[in-house]
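From first to last, the protein sequence lines stand for chains A and B. Counting from 1, one number per residue, gives the positions in the first sequence under this note's numbering. Counting from 231, one number per residue, gives the positions in the second sequence under this note's numbering. Every residue, glycine too, gets a C-beta built ideally from N, C-alpha and C. Here is the structure we will look at.
There are 2 protein chains.
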Amino acid sequence: MWLRPERPARDRQLSRVAIVTAAVAVLDAEGTPGLSMRRVAAELAVTAGSLYWYVDGKDELLELAADQVTGEVDLPAAGSGDWRQALAQTARSQRAMLLRHPWAASVLSRVPNMGPNALRAADRTLATLAGAGFSPDLADAALTAVSNQVTGAVIAETAWRAVVTGPAATLADWQRDAAGYLAQVTERYPHVAARLTAPAPDMEAASEARFDLALDCLLDGLRARLGNRS
Amino acid sequence: MWLRPERPARDRQLSRVAIVTAAVAVLDAEGTPGLSMRRVAAELAVTAGSLYWYVDGKDELLELAADQVTGEVDLPAAGSGDWRQALAQTARSQRAMLLRHPWAASVLSRVPNMGPNALRAADRTLATLAGAGFSPDLADAALTAVSNQVTGAVIAETAWRAVVTGPAATLADWQRDAAGYLAQVTERYPHVAARLTAPAPDMEAASEARFDLALDCLLDGLRARLGNRS
DNA sequence: ACCTGAACACCGTTCAAGT
DNA sequence: ACCTGAACACCGTTCAAGT
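Rendered as structure tokens:
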């Protein structure tokens, strides 16, 4: 009788959050190609089929995972500060979050994020903009422009990072491996070759600077179109 | 002897371009989930394994397909017109192309497009910008900002389109199907709900207008940072 | 050189059957 | 109600074997 295992406190071993959390862990560790229902199930010491009791399928699981990580975005306090700083802070925080979870950016290309965390973030910024005198249309355009800039920048950056982190370990390694192709590129496309062969010791900082520049351009333009009410 | 089939003019039945073209056709018709090696092979009346003689694998095939459609982008003539119009035209043409081939945008999130067509386009714009007095860094930032805005906008737009074109056929249908969720959203997130429940009879035009606004903001900002040399 | 056919290891998803 | 186990139909990729 000492061998008789104690019955689990609950019959239920699984939960939706447990599944989503496991999925996020797998995605962070091995990226989109590493995610499979069987893999997530194994992570939870469970059978693949049982996941379908809590989740509709792989696509829904990916959407849930994407919204879970959107919860990591820092939102400025409700009615605090000026709109420009609020928008910039949200954008930078969202960019940082997507760079931490690169797979999330590619989920967005299949389904718009309409989970609670995404809606909350969008609602918060729209409220801020409305309070600053933006018309509904302009507020909409502003939110769209900034978040599109974020996702576009993250997609380009992670795609490039995947090249460098693939077979090659560093930028210099890649430049050596692809030397043949780069030579051909240099000959035919001199301007773009300058970008590729540049030493660029701190690529991360450079792309952050480029992002900040684009963001500033957008914010300047929005302020100009807002008129001089604020 | 009349039954003896004429020998084919060439032994070779396949070619890389034939494979890529078939892949693009499948992708356009059925999207990324519809693409499989076996499907492309069937399209060419051939066995799946034979594709590997011409192509390294599915990932490479996707990259080749993406670069093939980037060839559809209209590039402004080499040294013609002002930089602003050239950049805007390229961006709009690229946006239109990605909306025609939505799967291409999601390919970019895995691998940066370094195919010949993409390099040619990038080189052309960089040359135009250099000719207009842009420093290499600013030209780089300009190209990055604009093309990131394009991909971000297209990703958001096609993702949204997938929602509406999924089970529901039109925006009104979707609004009816998701009425329960929308009611909950309206209560909790009033600002964002206004976006979702709006009638918006011409969504395509609206998102094009938003894109043009963002593009104009970026171009204005770049001109300001260029100084008054041009 | 180029393509077939079959195999391998893996998928997502379903569903009876158990508890 | 919740989970297992097995099955189904499909993958990408490899590779001997044919021609």
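Asked, Found
"Local conformation of V17(A) per DSSP, three classes", "helix"
"Residue nearest to G410(B) in terms of C-alpha spacing, selected from A423(B), A399(B) and T400(B)", "A423(B)"
"First through last residue of the alpha helix (DSSP H) which encompasses D123(A)", "P116 to G131"
"Beta-carbon gap between R16(A) and V55(A) smaller than 8 Å", "yes"
"Three or more C-beta pairs below 8 Å linking the segment 94-113 of chain A and the segment 150-161 of chain A", "yes"
"Whether A295(B) touches V250(B) by CB criterion (8 Å)", "yes"
"Buried or exposed by the 16-neighbour rule on C-beta atoms within 10 Å, applied to R38(A)", "exposed"
"Cβ contact (3+ pairs, closer than 8 Å) linking the segment 348-356 of chain B and the segment 311-325 of chain B", "yes"
"Cβ-Cβ separation, R95(A) to V150(A) (assumed contact under 8 Å), whole Å", "5 Å"
"Inter-residue spacing [alpha-carbon to alpha-carbon] between R314(B) and L449(B)", "7 Å"
"Cβ distance (whole Å) where D67(A) is taken to contact R425(B) below 8 Å", "With 8 Å as the limit, D67(A) and R425(B) do not qualify as a contact, their Cβ atoms being about 18 Å apart."
"Contact set for V299(B): own chain, Cβ-Cβ below 7 Å, skip 5 residues either direction", "V254, M327, H331 and A334"
"Chain A contact residues for P431(B), given Cβ-Cβ distances below 7 Å", "Within 7 Å Cβ-Cβ: nothing; P431(B) doesn't reach chain A, min ~15 Å."
"Local conformation of A45(A) per DSSP, three classes", "coil"
"Contact set between D67(A) and chain B, taken where Cβ atoms lie within less than 9 Å", "Per Cβ cutoff of 9 Å: no residues; D67(A) is ~14 Å from chain B at best."
"Cα-Cα separation between V163(A) and Q184(A), rounded to whole angstroms", "18 Å"
"Proximity of S109(A) and S339(B) at Cβ, strictly below 8 Å", "yes"
"Residue burial classification, G264(B) (beta-carbon count within 10 angstroms, cutoff 16)", "exposed"
"Chain B contact for I155(A) (CB, 8 Å cutoff)", "yes"
"Interface partners of R350(B) on chain A, CB under 9 Å", "R188, Y189 and V192"
"Nearest-angstrom beta carbon gap, C447(B) and A145(A) [assumed within contact, 8 Å]", "7 Å"
"Cβ neighbour criterion (16 or more within 10 Å) applied to W283(B)", "exposed"
"Closest by C-alpha distance to D82(A), when choosing among A18(A), A214(A), R120(A) and G133(A)", "G133(A)"
"Cross-chain neighbours of A392(B) in chain A, by beta carbon under 7 Å", "R110 and V111"
"CA nearest to the CA of L226(A), picked from G361(B), L443(B), G279(B) and R453(B)", "L443(B)"
"Same chain, Cβ closer than 7 Å to L305(B), five either side skipped, listed in chain order", "T320, A351 and R354"
"Supposed contact pair Y419(B) and L119(A) - C-beta distance, whole angstroms, cut 8 Å", "5 Å"
"Interface flag, N148(A) vs chain B, CB-CB below 8 Å", "yes"
"Helix, strand or coil at S147(A) according to DSSP, with G and I counted as helix", "helix"
"L265(B) in three-state terms, based on DSSP", "coil"
"Cβ neighbours of T170(A) in the same chain (closer than 8 Å, five flanking residues each side left out)", "V164"
"Own chain residues within Cβ distance below 8 Å of P346(B), not counting five before or after", "D297"
"Residue range of the unbroken alpha helix (DSSP H) whose run includes T427(B)", "P420 to T427"
"Contact residues within the segment 205-216 of chain A, judged by C-beta distance below 7 Å to chain B", "R210, L213, A214 and D216"
"Three-state class that DSSP yields for A181(A) in the structure shown", "Reading off the sequence, residue 181(A) comes out as Tyr, not Ala. Reduced to three states, the DSSP call for Y181(A) is helix."
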